[in-house]
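Mind the numbering: the sequence shown is residues 24 to 270 in the numbering used here, read in order.
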Amino acid sequence: MTGKVYLVGAGPGDPELLTIKAHRLITTADVVLYDRLVGADIIALIPTTAEKMYVGKAKSMHSLPQNEINGLLAQKAKEGKMVVRLKGGDPFIFGRGGEELEELVQESVPFEVVPGITAAAGCAAYAGIPLTHRDYAQSVRFLTGHLKDGTTDLPWDELVHPAQTLVIYMGLTGLEEISQSLIRFGMKPSMPVAVVEKGTTLEQRVFTSTISDILAVIKQNDVKSPALLIIGDVVTLQNKLEWHGKY
Ligand code: SAH
């Protein structure tokens, strides 16, 4: 009998941000395929009897090509296994969840998608930055700073808009181009920006600056991936709302 593939969001880092459903599936899986962004605390929940497979992917250094991951999911399910495909954050937000499901549909493999807390929600909460606020932002946009062909080509004119928060995933490499383009399209150079590195984990670091100076701040502090950029006036609330305890 064919098994089933669960495409499960593991959240941004803190294992307590797993959903109860994700936790149940991880702890009862036969096979788990997981990404680079899934933290060690969550990997530790996988039963020792389960087959555990690391499938990548660091930027432009895929340890297993996407089509092979897709094929492997289908193959394991056809062997009758209960397969968990574990992804950082939410599988449908910059997670290629859609691409993996297409293959399963083609091969008639049953599947289910379990949403996770996306990095934007996790990092914003743990850094003390509300993504919307009646005084500062009525909308929020999630963007990727990294396109399939390695370029950054965003709809700049739409991004320079009052009362809008921008959250940029995978924005470190393209940051110089991103900040210059936003200013060229009319963003005030003093626009507040936060960068959250390893958000929601014990190693979380948060830096705030402006769109004109953020690149220097990131270089000075040697900020590394995974990091999320939050751009907008809501960032001014960070000082006030940051939680000063320890998670
Ligand atoms: N599906 C994921 C996003 C995958 S894209 C989600 O919903 O969160 C990978 C990018 O997500 C990283 O380059 C980074 O920009 C962001 N990201 C993921 N986890 C993060 C974390 N803990 N802290 C900061 N950024 C994170």
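In this text, a Cβ means the ideal position worked out from N, Cα and C, and glycines have one as well.
Quick one: what's got a C-beta closer than 6 Å to Val61's C-beta in the same chain, skipping five residues either side?
Within the sequence shown, numbered from 1, the residue matching residue 61 stands at position 38. Excluding sequence neighbours, Val61 sits near Ala33, Leu109, Gly111.
Val137 vs Thr42 beta-carbon contact at 9 Å
For this step, residue 137 is matched to residue 114 along the sequence shown. For this step, residue 42 is matched to residue 19 along the sequence shown. Contact: yes.
Under DSSP, the alpha helix (DSSP H) around Ala150 begins and ends at which residues?
Start at 1 with the first residue of the sequence shown, and residue 150 comes out as number 127. Element bounds for Ala150: 142-150.
Count the other C-beta atoms from every protein chain shown that fall within 10 angstroms of the C-beta of Ser202, then say buried if there are 16 or more, exposed otherwise.
What you label residue 202 is simply residue 179 of the sequence shown in a count that begins at 1. Buried, since its Cβ has 16 or more Cβ neighbours within 10 Å.
Close-in-space but distant-in-sequence residues of the same chain around Ser232 (CB under 7 Å, 5 per side omitted)
Sequence index remark: in the sequence shown, residue 232 carries index 209 (1-based). Cβ neighbours of Ser232 beyond the five flanking positions: Val216, Val240.
In the structure shown, what three-state DSSP assignment does Ile234 receive?
Counting from one through the sequence shown, the residue named residue 234 turns up at place 211. If DSSP states are grouped into helix, strand and coil, Ile234 belongs with coil.
Looking at the secondary structure, which residues open and close the beta strand (DSSP E) in which Gln187 lies?
For the purposes of this step, residue 187 is identified with residue 164 of the sequence shown, where counting begins at 1. Element bounds for Gln187: 187-192.
Quick one: what's Ala250 bridged to in DSSP?
As a position in the sequence shown, residue 250 is number 227, starting the count at 1. The partner list for Ala250 (beta bridge, DSSP) reads Glu220.
Along the alpha helix (DSSP H) that carries Leu154, what are the first and last residues, could you check?
As a position in the sequence shown, residue 154 is number 131, starting the count at 1. Secondary structure note for Leu154: it is in no alpha helix (DSSP H), with a DSSP letter that is neither H nor E.
Out of Leu189, Met193, Ser235, Leu195, which has the shortest C-alpha to C-alpha gap to Val257?
The residue labelled residue 257 in the question sits at position 234 within the sequence shown. The residue from Leu189, Met193, Ser235, Leu195 with its alpha-carbon nearest to that of Val257 is Leu189.
Taking only the alpha-carbon atoms, compute the straight-line gap between Glu220 and Gly120 and give it to the nearest angstrom.
Within the sequence shown, the letter at position 197 stands for residue 220. Within the sequence shown, the letter at position 97 stands for residue 120. Rounded to the nearest whole angstrom, the C-alpha separation of Glu220 and Gly120 is 23 Å.
How big is the Cα-Cα spacing for Ala97 and Gln89?
For this step, residue 97 is matched to residue 74 along the sequence shown. For this step, residue 89 is matched to residue 66 along the sequence shown. Looking at the two C-alpha atoms, the distance is approximately 13 Å.
When you compare only the Cα positions, how much space is there between Pro38 and Ile140?
Numbered from 1 along the sequence shown, position 15 holds the residue referred to as residue 38. Numbered from 1 along the sequence shown, position 117 holds the residue referred to as residue 140. Their Cα atoms are separated by approximately 11 Å.
Have a look at Leu30 and Ala250 and give me their C-alpha separation to the nearest angstrom.
Reading the sequence shown from its first residue, position 7 is the one you call residue 30. Reading the sequence shown from its first residue, position 227 is the one you call residue 250. The alpha-carbon atoms of Leu30 and Ala250 are separated by roughly 23 Å.
Pair within 9 Å by beta-carbon distance, Val106 and Leu182:
Working through the sequence shown from its first residue, we reach residue 106 at position 83. Working through the sequence shown from its first residue, we reach residue 182 at position 159. No. Outside cutoff.
Given Ala186 as reference, the closest of Met193, Gln161, Arg207, His169 once Cα atoms are compared:
Here the question's residue 186 lines up with position 163 in the sequence shown. When only C-alpha atoms are compared, the closest one is Gln161.
Taking the straight line between their C-alpha atoms, what separation do you get for Gly26 and Leu48?
To locate residue 26, count along the sequence shown from 1; it is residue 3. To locate residue 48, count along the sequence shown from 1; it is residue 25. Approximately 13 Å, taken between the alpha carbons.
Could you tell me whether any non-hydrogen atom of ligand 3 is closer than 8 Å to the CB of Ala142?
Ligand 3 is not among the ligands present in this structure, which contains only ligand 1.
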